[in-house]
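Please read the structure below before turning to the comments.
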Amino acid sequence: MDRFAEVDDQYDPHELEGRIFDYWDDVDAYEQTVEHRSDGETYFFVDGPPYTSGSAHMGTTWNKSLKDVYLRFLRMQGYDVTDRPGYDMHGLPIETRVEERLGFENKKDIEEFGEENFIQECKEYADEQLEGLQSDFQDFGVWMDWDDPYRTVSPEYMEAAWWGFSKAAERGLVEKGKRSISWCPRCETGLANNEVEYDDVEDPSIYVTFDLADRDGSVVIWTTTPWTIPANTFVAVDPEGEYVGVRAEKDGDEELLYIAEAKHEAVLKEGRYEDYEVVEELTGEEMTGWSYEHPLAEQVPDHVDGEGTLEVYAADYVDTHGDGTGLVHSAPGHGEEDFERGRELGFEPFCPVGEDGTYTEEGGTYAGQFVKDANEEIIADLESEGAMLASGATDHSYGHCWRCDTGIIQVVTDQWFITITDVKDELLDNIEDSEWHPDWARDNRFRDFVEDAPDWNVSRQRYWGIPLPVWTPEDRDDDQDRIVVGDREELAERVDQDIDPETVDLHKDTVDGLTITEGGTTYTRVPDVFDVWLDSSVASWGTLDFPADDSRFDELWPADLILEAHDQTRGWFWSQLGMGTAALGESPYEQVLMHGHALMPDGRAMSKSRDILIDPHEAIDRHGRDVMRLFLLSNNPQGDDMRFSWDGMQTMENHLRTLWNVFRFPLPYMRLDEFDPERTTLEEVDADLQPLDEWVLARLQSTKAEMTAELEEFRQDRALEALLEFVVEDVSRFYIQAVRERMWDEEDSASKRAAYATIYHVLRESVVLLAPYAPFASEEIYGVLTGESGHDTVHMEDWPEVEEYWEDDRLEVDVEHLRAIEEAGANARQQAGRKLRWPVPRVVVAADDDRVVEAVERHSDLLAERLNAREIELVSAEDRWEELAYSAEADMSKLGPAFGGRAGEVMNALNEARIDEPTLEALEAAVADVLEDDESAEQRSAEDASGDEPRAQLEESMVSFVTETPEEIAGTPFGFDGDDHGVVYVDASLTEDIESEGYAREVIRRVQEMRKELELDVEQRIVLDLEIGDDRVANLVAEREDLVREEVRADEIRDLEDGHRKEWDVEDVTMTIAVEPLAAVEASD
RNA sequence: GGGCCAAUAGCUCAAUUAGGUUGAGCGCCACUCUGAUAAGGUGGAGGCUCUCGGUUCAAAUCCGAGUUGGCCCA
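And the structure:
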């Protein structure tokens, strides 16, 4: 790209972005950038693998944009960054999608189709989905190693999972056992807690009486799952809870019921008892040991009936003030807490329910029925047994399978676990080794989660996953004798079959047939696959292809940074910590940046399934990639959710357009003057720099310092704000406005060269600062600024460092004051009705403090120029501007009571008084005659008070002072950050000389506009024809003819026959102006 | 049902890590400017800082209770 080449007038994101994509391709921009940092210090970033379903949504877009901005920043800081993207490709979500595609309903369909075929279908589907994500991410301008993503279905990656699991096994943290788990009866597999989603549903709500065996009466329990009653094993009470025995009456029958004291009224009301009487008060403790009869003993002949069962026991999960009755029906074959307590009590869990959710033969008369369908019959049976106290329905939230939305059931099955509860202390310690942004996420939410985490059930009874690398003896199904294989090499060595470790695929269809024979025993593989969360949990070494490739693990592991949304607290942040700790005893990551979710503009959560979403592709279509990124990156990433906003997008586009104009503006001048930034450097022009040049350079240093500090704190939003503030406010709206006249100077001058060098330096560094945020526009601008002299891509640049030489806090504060004064001056001018084009004879700055005085003294020339004032007068804080007078405004609510009937007169006197200083003494002196004249009031006052009360006096509270500026002068207070620092007064009186310049400038402005209408080049000479309808004004303009000619580049002023002619009305004076390019005039002459 | 986070102008967010007159950007309205022009400038309207209670001379800020939203857990 040529330096200072022509750039588009209009910022057109789509055309530009397309061009930059091609350019990156041509010069291998990404590859060069990576190579450029290959000798740098390593930085190990690990990409949290998105699940390969569908395309990128706004949340993943935000996530990847955040990753991209930090990876680019780190690279610019010199790091050799690991940027391998990853994809999570196994698991139930894909299985269910493929099942849908193939029209399957359950596992039997899969078995008939063939495991091998099904796995192949899943693989193809996952690959398809991956392509969509890959192209989306690249399209967003994210730079990661797209040619070589890690895929959880590759043999290297699956091996990484085996390795981690085998390490955990070596540490004694793997066991097989019975547990109560959430089970999806459709998918016929266990689910992890985080795979269960809760929805509100209506379920039965029944109160059941269990008749006591050795004594009169019955205990009352409540449940919403009647289908678990067949498996009832014991009833739990709170040993410290208060219970009552109630003699209750209904339809002439009397019953003795045992219920928690706190619940008995509510329960009896449910049961519609007519009358009742508390006959016994007792603690739960006293009830333990009571035995009762199973209410469905007849229907379920195989029901639990062992030693100690069907009795009342204490348990800590009972709440005598919560839902229910304070006595809890407990079935260790189902509920998790029931199971734990049952195990303590030594009860074998009884679970008469099969994998498909139907009762087994053990279920007695219910055998073959789906459990939830059996609810009705069970309720009917309980009623006919006389065990139903009340039966109704309730709305409550109930767990559902995250994939197929089937209601889950709690059952006890054999599963494989990583017993992370054995290393809970280590986990909690390891939390301390990671630094989180924001820190509360770690210390509150994450710590709570880890503290409560149960053992990790890693086995799933499914197909599309990493097979468990566990082989057990053919004839045993416990975990006492087992082989855990750690990698492919070991697999090849130990299995009976002949396999090639280089080429073997590790999926279920391949490894299921492999057997191991050792010590005369033949081992077969456990048929389960891993919970898909285990896949991504090993990403910190899977990313490195470890253990297959052990060349980088020691140097890089653990990860320096991971960056995901807050839902990953229970997901990937946790699973990685669990796996890292179980396998290696360490946290696998050192820093966590946790961002929020992308919400709809109205604050709702986005939901693809309900079609509530903003599609990133639409955002790009409307505003382009850079704008979308700027919008996303302008949001706080630390835990807060982001509301998407089209208005916000538009604002960012406006900012980027301003930025574009800033970069574009100086190019024609630099081109024209053949400015060479290599020769005309800042160092070279140092002596010629003017205060504003030094100021903008100082501001640049502050901006760099602020941005760097914010980015290092993971606040890219604040860093961006600082940059936009600098470019839009300081460079565009102030500096460029102020220096443009220097650039229009036709002569080569030291001042012009200084301005060029300054603005070049500022723009060149600013574009580098912008590059991580808006990589496309930055690239284009960088190319134009650097031509052949820069890197091939802006993204190879070093992150700009603060140059102490140019730092200048004093100057920054000075200019801050000057800008405040200028702003107030503009206001005062408007009040006085004097445009900026018209000079004013003087501006008076009345300062409140010495800091303002210093600033104005140092830069009064600049201030005069900015305010177009012939003179600046400074009044220090100690002095008063003598031309100023004060009057007083009366507060009648105070004045009235004090002066009575004379108050009106006093008020008028106050308002008319003009005093030189705003003091009560001066005011009293000014209105003395009115006050002293007040004989009658004095007398009346004295008489009324019948004492020696003094006559009415003016007090501070009665008046407020108002400044009265002289005619032709307007004043406005100035200040910043909410503090006033003084007042600026603009003297707008007219002189002939001022009118002369004012009218001349009016003419110039109109000629410029006409030049523009003719689309003349900046340097095009013209001939000007000027007819002014008022002789006085014509003479005034004539006095400034030289100025007019120079400004509009007119070689002559004379009558023209043709030319571009227009009539103007200037302050009620008619002016006819004609313009013709010089060449055209000569040709026609 | 429990935990965490948020709630301030029409919108997006600030309010200087332990209280001291609520601010900015965008949007809106009016005026203005015009060789960056789909810009720029000046002014204006717009707030019971979610509600209720408490601590304090003083609360957007601290404490308690609730409401709404988001995430997590059961």
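If you count the first sequence from 1, you need to add 46 to reach my numbering. Cβ atoms here follow ideal geometry from the backbone N, Cα and C, with glycine treated the same way.
Between the CA atoms of residue j and residue i - distance to the nearest angstrom
{"i": "R387", "j": "V364", "result": "12 Å"}
{"i": "E929", "j": "L769", "result": "44 Å"}
{"i": "R656", "j": "S680", "result": "28 Å"}
{"i": "V859", "j": "E752", "result": "16 Å"}
{"i": "P662", "j": "H103", "result": "6 Å"}
{"i": "T406", "j": "C397", "result": "9 Å"}
{"i": "G160", "j": "K154", "result": "10 Å"}
{"i": "T79", "j": "V898", "result": "48 Å"}
{"i": "V417", "j": "L630", "result": "43 Å"}
{"i": "D471", "j": "F619", "result": "17 Å"}
{"i": "V127", "j": "L176", "result": "23 Å"}
{"i": "Q696", "j": "D54", "result": "20 Å"}
{"i": "M434", "j": "L428", "result": "6 Å"}
{"i": "D402", "j": "P231", "result": "5 Å"}
{"i": "V325", "j": "L302", "result": "9 Å"}
{"i": "D907", "j": "R799", "result": "20 Å"}
{"i": "E353", "j": "R389", "result": "14 Å"}
{"i": "S987", "j": "A931", "result": "Residue confidence for S987 is low, a pLDDT of 46 falling below 50, so the modelled location carries little weight; the figure read from the coordinates is stated next. Whole-angstrom Cα-Cα distance: 33 Å."}
{"i": "G1132", "j": "Q345", "result": "For the chain, the structure presents residues 47 to 1131; residue 1132 sits outside this window and is missing."}
{"i": "P250", "j": "L474", "result": "41 Å"}
{"i": "S982", "j": "V889", "result": "Low per-residue confidence applies at S982: pLDDT is 46, beneath 50, and the placement is therefore not dependable, though the value from the model is reported in the following sentence. Computed Cα separation, rounded: 48 Å."}
{"i": "E332", "j": "G263", "result": "15 Å"}
{"i": "G330", "j": "H310", "result": "14 Å"}
Whole-angstrom C-beta distance between residue j and residue i, which should lie under 8 Å
{"i": "V1079", "j": "V1115", "result": "5 Å"}
{"i": "D524", "j": "K222", "result": "7 Å"}
{"i": "V457", "j": "V399", "result": "6 Å"}
{"i": "M625", "j": "L560", "result": "Going by Cβ atoms, the distance from M625 to L560 rounds to 25 Å, so no, they are not a contact pair."}
{"i": "I267", "j": "V374", "result": "6 Å"}
{"i": "T570", "j": "T627", "result": "Their Cβ separation, rounded to whole angstroms, is 31 Å, which puts T570 and T627 out of contact at 8 Å."}
{"i": "D114", "j": "W189", "result": "6 Å"}
Environment of residue i [buried if 16+ CB atoms lie within 10 Å]
{"i": "K554", "result": "buried"}
{"i": "E77", "result": "exposed"}
{"i": "I658", "result": "exposed"}
{"i": "H483", "result": "buried"}
{"i": "P818", "result": "buried"}
{"i": "N109", "result": "buried"}
{"i": "D74", "result": "exposed"}
{"i": "H60", "result": "exposed"}
{"i": "K1058", "result": "exposed"}
Within 7 Å, strictly: CB atoms of residue i and residue j
{"i": "T355", "j": "T279", "result": "yes"}
{"i": "I1040", "j": "L1070", "result": "no"}
{"i": "N503", "j": "S633", "result": "no"}
{"i": "A436", "j": "E316", "result": "yes"}
{"i": "V886", "j": "A915", "result": "yes"}
{"i": "E481", "j": "Q637", "result": "yes"}
{"i": "A923", "j": "D962", "result": "no"}
{"i": "W448", "j": "E157", "result": "no"}
{"i": "V220", "j": "I66", "result": "no"}
{"i": "A172", "j": "T98", "result": "yes"}
Any non-hydrogen atom of the ligand PLP within 6 Å of residue i CB
{"i": "P139", "result": "In terms of ligand content, the structure shown is empty, and the ligand PLP therefore cannot be addressed."}
Report task. Counting only runs of 3+ residues fully inside the segment 287-375, write out the beta strand (DSSP E) ranges in chain order. Result -> 288-296, 299-306, 321-329, 358-360
Query raised in the report: What residue ranges within the segment 777-858 form continuous alpha helix (DSSP H) runs of no fewer than 4 residues, ordered along the chain?
Result: 783-790, 796-816, 821-832
Query - Every unbroken alpha helix (DSSP H) within the segment 632-711, with a cutoff of 4 residues, ordered by chain - result: 662-669, 671-679, 692-710
Query raised in the report: For the segment 466-548, which segments carrying the alpha helix (DSSP H) assignment without a break, of at least 4 residues, lie completely within its bounds, in sequence order?
Result: 470-478, 493-498, 534-540
Query raised in the report: Hey, which unbroken runs of the beta strand (DSSP E) at 3 residues or more fall wholly within the segment 566-616?
Result: 567-571, 608-611
Report task. With a floor of 4 residues, list each alpha helix (DSSP H) that falls wholly inside the segment 132-171, ordered by position along the chain. Result -> 138-148, 153-159
Query raised in the report: Which parts of the segment 1053-1118 are runs of the beta strand (DSSP E), unbroken and 3 residues or longer, counting only runs that do not cross its ends?
Result: 1068-1074, 1096-1099, 1106-1112
**Report entry** Completely contained alpha helix (DSSP H) runs for the segment 733-781, where each covers 4 or more residues
**Finding:** 737-758, 762-770
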